[in-house]
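The sequence shown begins at 915 in the numbering used here and counts up by one.
The beta carbon of each residue, even a glycine, is placed where N, CA and C say it ideally should be.
To start, the structure under review is shown below, and the notes come after it.
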Amino acid sequence: MIQEEKINSLYFKGGSWIEFGKLDSMKLESNDFTLQFWVSGGEVDTNEAPAIFSIIDSTDRITLALLRDANQSNILTTIINSNVTPSEFSWLDWSDPDNFYLISILFSDSKGIKLYIDSTKIFSDEKFIDVVGNMLNIGAIVNKTRTIRENFWYGYIDEVRFWNTRLADSTITFQYAHPEKLGDYYRYTYYDSLIGLWRFNWDKPLSTIEDESDYDNDGTIYTLKGFSVELSEKGAQ
């Protein structure tokens, strides 16, 4: 009996990213957001810090971004309104592709920023984030015209979620303890604040990332010449 391969994630090897539209076109009502990733690292073939995601405004200024370090596996760097802050954590290891982390970043234009790895809050700041006219890209720093394309991700991304609310600590803790609850069993309802859900459980490569939250916030995979994104069995569960 041949067991079918179960695809759980996308493997980024540089030169690729997922591009979405403007964030303010996605929202329901508030300017409160939570962006989440199940993500792991791996071997890096660059001197640039690989970016998990970036939010860039119409003037090409980085509003918000999160990056790993290319040379040191226990560093996570935040960029907030173009201000760069690297942080070192003894328990963080981007060199291990099997160790998936739940990254949750809460932001708004009135309540500051909070960043979690798994269920632990590792960073908070009172800076406000205005996303009006800003573009969201996963796996790179890319501007609207794509004249800036840099800091490509190296590693695995299992799932991406985008909420139009600031999730409670207890919700993030539950999600970390039970990764399968949303990944396998989530069903969208009208009353949810989940405005983007992007899974990668495909049986063949696709160029369009379908939004399973029913808000049709689909993304598009772009790759530079000579690069590709691979399907992988690796995942958070």
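| message | Can you look up alanine 1091 in the DSSP assignment and give me helix, strand or coil? | response | When secondary structure is reduced to three states using DSSP, alanine 1091 falls in the helix class.
| query | Which residues bound the beta strand (DSSP E) around aspartate 1039? | reply | Unbroken beta strand (DSSP E) run through aspartate 1039: 1034–1039.
| message | Rounding to the nearest angstrom, what Cα-Cα distance links glutamate 1124 and glycine 1133 in this structure? | response | Straight across, the Cα-Cα distance linking glutamate 1124 with glycine 1133 is about 7 Å.
| field | Cβ shell of serine 913 (< 6 Å), same chain only, five flanking positions each side left out | value | Given a span of 915 to 1151 for the chain in the structure shown, any question on residue 913 remains unanswerable.
| query | With distances taken between CB atoms, is the gap from phenylalanine 1042 to serine 1022 smaller than 9 Å? | reply | Yes; because the gap between Cβ atoms is below 9 Å, this pair is in contact.
| said: Contact between the stretch 1081–1092 and the stretch 1112–1121 is defined here as three or more beta-carbon pairs at a separation below 8 Å; is this criterion met? | reply: Counting C-beta pairs with one atom in each stretch, the stretch 1081–1092 and the stretch 1112–1121 have fewer than three that are closer than 8 Å, which means they do not touch.
| Where does threonine 992 land, buried or exposed, given buried means 16+ other C-beta within 10 angstroms? | Around the beta-carbon of threonine 992, 16 or more other beta-carbon atoms lie within 10 Å, marking it buried.
| message | To the nearest angstrom, how far is the alpha carbon of threonine 1122 from that of alanine 1054? | response | Cα to Cα, threonine 1122 sits roughly 17 Å from alanine 1054.
| field | C-alpha distance - serine 1009 paired with serine 987, whole-angstrom precision | value | When the Cα atoms are used, serine 1009 and serine 987 turn out to be separated by approximately 6 Å.
| Cross-strand partners of tryptophan 1112 (DSSP beta bridge) | For tryptophan 1112, the beta-bridge partners assigned by DSSP are Val1074.
| task | Tell me whether the beta-carbon of threonine 1079 lies closer than 9 Å to the beta-carbon of aspartate 946. | result | It is a contact, given that the beta carbons lie within the stated cut-off.
| query | What do you reckon, are the CB atoms on leucine 1016 and isoleucine 989 nearer than 9 Å? | reply | For leucine 1016 and isoleucine 989, no; Cβs fall outside 9 Å.
| message | On the DSSP bridge list, what partners appear for lysine 1028? | response | Answer is Leu1020 and Ser1038.
| said: I'd like to know if the stretch 922–932 and the stretch 1129–1148 are in contact, where contact means that at least 3 CB-CB pairs between them fall below 8 Å. | reply: By the Cβ test, the stretch 922–932 is in contact with the stretch 1129–1148, since at least three Cβ pairs between them sit closer than 8 Å.
| message | Measuring straight from C-alpha to C-alpha, what distance separates valine 1046 and aspartate 938? | response | For valine 1046 and aspartate 938, the distance between alpha carbons rounds to 5 Å.
| task | Rounded to whole angstroms, what's the CA-CA distance from tyrosine 1030 to aspartate 1128? Just pull it up for me. | result | Rounded to the nearest angstrom, the two C-alpha atoms are 26 Å apart.
| query | What are the boundary residues of the beta strand (DSSP E) that isoleucine 1043 is part of? | reply | Under the DSSP assignment, isoleucine 1043 falls outside any beta strand (DSSP E); it carries neither an H nor an E label.
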